[in-house]
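Chains as they are written, first to last, in the working numbering: chain Y, 159 to 421; chain D, 159 to 421. Heads up, the beta-carbon is just placed ideally off N, CA and C, and yes, glycines get one too. Step one of this worksheet: look at the structure below.
2 protein chains.
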Amino acid sequence: MSPVHRSPQRTAPGDRALDSLGFTLDRTSPVPLYHQLAQQLEAAITHGTLAPGNLLGNEIDLSVRLGLSRPTVRQAIQSLVDKGLLVRRRGVGTQVVHSKVRRPLELSSLYDDLESAGQDPTTRVLRNERIPASAEVAAALGVAEGAEVTVLERLRRAHGRPVAFLCNHLPAPLLELPTERLESTGLYRMMRSAGIVLHSARQSIGARAATAEEAALLEEKEGAALLTMRRTAYDVTGRPVEYGSHVYRASRYAFDFQLLVRT
Amino acid sequence: MSPVHRSPQRTAPGDRALDSLGFTLDRTSPVPLYHQLAQQLEAAITHGTLAPGNLLGNEIDLSVRLGLSRPTVRQAIQSLVDKGLLVRRRGVGTQVVHSKVRRPLELSSLYDDLESAGQDPTTRVLRNERIPASAEVAAALGVAEGAEVTVLERLRRAHGRPVAFLCNHLPAPLLELPTERLESTGLYRMMRSAGIVLHSARQSIGARAATAEEAALLEEKEGAALLTMRRTAYDVTGRPVEYGSHVYRASRYAFDFQLLVRT
DNA sequence: TAGTGGTCTAGACCACCGC
DNA sequence: CGGTGGTCTAGACCACTAT
């Protein structure tokens, strides 16, 4: 006479695939329970164990089966809804979204710099010095004109061919940027390990024709279409910590990302 | 001997500006309490009543003062953290982010089509008919090649001058798209009022040189740099509902948005 | 050490959906 | 109508930060 009664395995397509999944929760772990659950659900979705359209089963049953409270289960589910992997509908249930929708995780070039820098693509530092801030840079970084800033110019290659020219400015007192580490580690990783916690960035993506210098550097013809990106990044205190001005070879690069619709 | 004791008004800069704010909560309203609170907090931030750097006061006090439970207050605060308006730090408190960080709400061209279509910018429909799907369109929309799709070609102007050429394909059975309504209402609004609930979109932004036809249409020179955007939009069931292929005059248009860093 | 947000529990009632 | 997620409560203990 258990308080929970599992209905006789409904084999209708797209139903309760969760029943047979073995979830393991470690209450001694420092990882929050809702996060452990979310990770395992996400893995099950990624591996196809939880197929698109599958219902997750109602939250009450789920919490009883897992030995968790309902709010904790909801928190796990909510995090996957926020990632776009699950959809909740009142009166219906929670189901896995169809696969086409969730292939590229999201984000744009900030992610690119943040994670994949110095990997498959190689980056060569062309310039790395401290100079007085120009009016434009000073305004973007919120420092006084003439204040010392670090200027960085880098050429990024993929498969041996140029992809982008990156110019970045940072307040000089913020951190040291030895060229060797920059080439192997990537700018954002270095900022993070220097204790700088990023909060957000404002970006503007545009296009224009290549100048003669840009063309030479990127192995394009003068006047070729280039993709441009300007960005100011802020840390959690709201202080601007980086101002970037990048140009990409449009013939070899595009910004790919996913948008979730705010409901 | 009240269980909560309010420390003597600290007047240090950036502290407890919330004390004097009058929040009104209506328990008979269909609007959730956490949402009412979030809206009023957001308004206070937007109007500057809650200045950047201001601490919000701890969640326990706040919930007592408002007559709400702590989880409800947390839910309100969390929604503003997700929007990038507030920052929480354990052991410190919750504070308003600095203003530069939060100027443009976020989103890119999906928002543009979703909200601002048919407003200041005017849109002229150049083509609106039903045709058999090409291989490319069929693949993008997940329909059979040759299935009936609606093709839309529009020219968008701002301040009387061309800004973008928009080409969209939709599964024909999805909805009716009378040209007159399209020009006044915008595509996404029409989809929404037809009961189509959007979930997400995959986008790719690139650049290339203008063809002769595009140049003529957009009042640019042949070979001028254009910004391009390709997008597939999905509804909550994961079904593709729109495939768009847009070109923008780079000299008069850029994608502007804010990224929040996933922590 | 005191104060903050982070996590978690065990209930409750309601609104919406599909049958 | 029964089942689902949506909202809300009133506690509890823990981890981190600053002083």
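Using 8 Å as the threshold, is the C-beta distance between residue i and residue j below it?
| i | j | result |
| --- | --- | --- |
| V321/D | R410/D | yes |
| A330/D | L356/D | no |
| L335/D | Y401/D | no |
| G242/D | L418/D | yes |
| L385/D | Y406/D | yes |
| A373/D | A383/D | no |
| V255/D | A209/D | no |
| S221/Y | R228/Y | yes |
| I354/Y | L332/Y | yes |
| Q416/D | F415/Y | no |
| E287/Y | A296/Y | no |
| V301/D | A291/D | yes |
Which residues mark the beginning and the end of the alpha helix (DSSP H) in which residue i is found?
| i | result |
| --- | --- |
| D393/Y | No alpha helix (DSSP H) contains D393/Y, which is instead part of the beta strand (DSSP E) from 383 to 393. |
| S221/Y | 217 to 224 |
| S351/D | 345 to 351 |
| R228/D | 228 to 241 |
| I203/Y | 191 to 204 |
| A297/Y | 293 to 299 |
If I follow the unbroken beta strand (DSSP E) through residue i, where does it start and stop?
| i | result |
| --- | --- |
| T281/D | 280 to 290 |
| H327/D | 319 to 329 |
| Y406/Y | 398 to 407 |
| L375/D | Careful: L375/D lies outside any beta strand (DSSP E), inside the alpha helix (DSSP H) at 370 to 376. |
| V254/Y | 251 to 254 |
| R154/D | Nothing can be reported for residue 154/D, as the shown portion of chain D is limited to 159 through 421. |
| L333/Y | First-last for L333/Y: undefined, no H or E at that position. |
In whole angstroms, what separates the C-alpha of residue i from that of residue j?
| i | j | result |
| --- | --- | --- |
| E200/D | R420/D | 21 Å |
| I218/Y | M348/D | 37 Å |
| A408/D | V283/Y | 29 Å |
| S267/Y | G396/D | Interpretation of S267/Y is limited by its pLDDT of 46, a score under 50 that renders its predicted location unreliable; no figure is taken from the coordinates. |
| A359/D | Y192/D | 28 Å |
| S165/D | L226/D | Residue confidence is low: S165/D scores 34 on pLDDT, short of 50, so the model does not pin down where it sits. Its coordinate-derived value is still stated next. Straight-line Cα distance between these residues: approximately 21 Å. |
| A412/D | A365/Y | 8 Å |
| L328/D | E377/D | 28 Å |
| E294/Y | P279/D | 30 Å |
| T204/Y | S257/Y | 9 Å |
| I235/Y | V307/Y | 44 Å |
| G381/D | A370/D | 8 Å |
| R350/D | S187/Y | 45 Å |
| L310/Y | R319/Y | 20 Å |
| A202/D | I289/Y | 40 Å |
| R223/D | R285/D | 59 Å |
| C325/Y | Q194/Y | 40 Å |
| K379/D | Y346/D | 31 Å |
| I244/D | T207/Y | What sits at residue 244/D in the sequence shown is Leu, not Ile. Spanning the two alpha carbons is a distance of roughly 37 Å. |
| S342/D | F323/D | 17 Å |
According to DSSP, which residues form a beta bridge with residue i?
| i | result |
| --- | --- |
| F181/Y | In DSSP, F181/Y forms no bridge with anything. |
| L418/Y | S358/D |
| A365/Y | L385/Y |
| D247/Y | Rather than Asp, the amino acid found at residue 247/Y in this sequence is Arg. Its beta-bridge partners are G251/Y. |
| L213/D | Q253/D |
Apply the 10 Å Cβ neighbour rule to residue i and answer buried if 16 or more other Cβ atoms are within range, or exposed otherwise.
| i | result |
| --- | --- |
| D240/Y | exposed |
| H404/Y | buried |
| R389/D | buried |
| P398/D | buried |
| V189/Y | exposed |
| D184/D | exposed |
| R312/Y | buried |
| G180/D | exposed |
| T252/D | buried |
| V394/Y | buried |
| G344/Y | buried |
| R314/D | buried |
| V250/D | exposed |
| T182/Y | exposed |
| A196/Y | buried |
| T281/Y | buried |
| N212/D | buried |
For the ligand FMN, I want to know if residue i counts as a neighbour, meaning its beta carbon is within less than 7 Å of at least one of the ligand's heavy atoms.
| i | result |
| --- | --- |
| G364/D | Although the ligand FMN was asked about, the structure shown includes no ligands whatsoever. |
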